[in-house]
Amino acid sequence: MILTKEEKEKFEILMYQSYLNKCLKKSKVDIMVNPTGFVRGIPKQLAEDMNTLALDMIEEISDKEKLGRLKYICEYFLSQKTKRRVAQDNNPNVYIYDKFTIYQEQFKRLEMLLKEF
60 MILTKEEKEK FEILMYQSYL NKCLKKSKVD IMVNPTGFVR GIPKQLAEDM
110 NTLALDMIEE ISDKEKLGRL KYICEYFLSQ KTKRRVAQDN NPNVYIYDKF
160 TIYQEQFKRL EMLLKEF
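Be aware that the sequence shown starts at 60, since it is given in the numbering used here, and climbs by one per residue.
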């Protein structure tokens with residue numbers, strides 16, 4: 060079966076999102092303890108990006124492309140919130156600190172850093 064260039068790009072995006080879904084299931088500790096093997100077959104670049112997010116080393120990055128990738132990862136993770144979790148975010152009487160809160164804070168910091176470029 061021969062794939063066109065567009066089909067290959069779509070396939071690569073689906074594979075990348077598949078790895079992101081697997082990464083989302085892992086805790087911050089899993090990523091820090093095993094920086095390259097927390098998901099089987101994960102691309103090295105994605106593993107490094109996840110490790111950067113887990114170790115909270117965003118300010119040390121001077122590469123605009125890597126900041127863009129990290130922003131995409133945070134956006135994707137935030138889009139995976141359940142309806143219940145989104146409703147809890149919108150409720151001013153409830154404060155939940157979990158992985159989505161961490162990615163939301165990092166997303167805001169990444170936007171600030173990208174504006175500086």
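Each residue gets a CB set at the ideal place from its N, CA and C atoms; glycine is no exception.
In its own chain, which residues sit with a C-beta less than 8 angstroms from the C-beta of Gln139, not counting the 5 before and 5 after it? Asn80 and Leu83
Do the segment 106–116 and the segment 141–151 meet, that is, are 3 or more Cβ pairs less than 8 angstroms apart? no
Could you tell me the alpha carbon to alpha carbon distance between Arg99 and Gln76, rounded to whole angstroms? 14 angstroms
Please state the DSSP three-state secondary structure of Ile72. helix
Rounded separation between Asn149 and Ile155 - CA only: 11 angstroms
Close beta carbons around Asp108, own chain, < 8 angstroms, minus the five adjacent residues each side: Lys125, Arg128, Leu129 and Ile132
Counting only the same chain and skipping the five closest in sequence on each side, list residues whose C-beta sits under 7 angstroms from that of Met91. Ala113 and Leu114
Could you name the residues of the same chain whose beta carbon sits closer than 7 angstroms to that of Leu169, not counting the 5 residues immediately before and after it, in chain order? Ile117, Leu126, Leu129, Lys130 and Cys133
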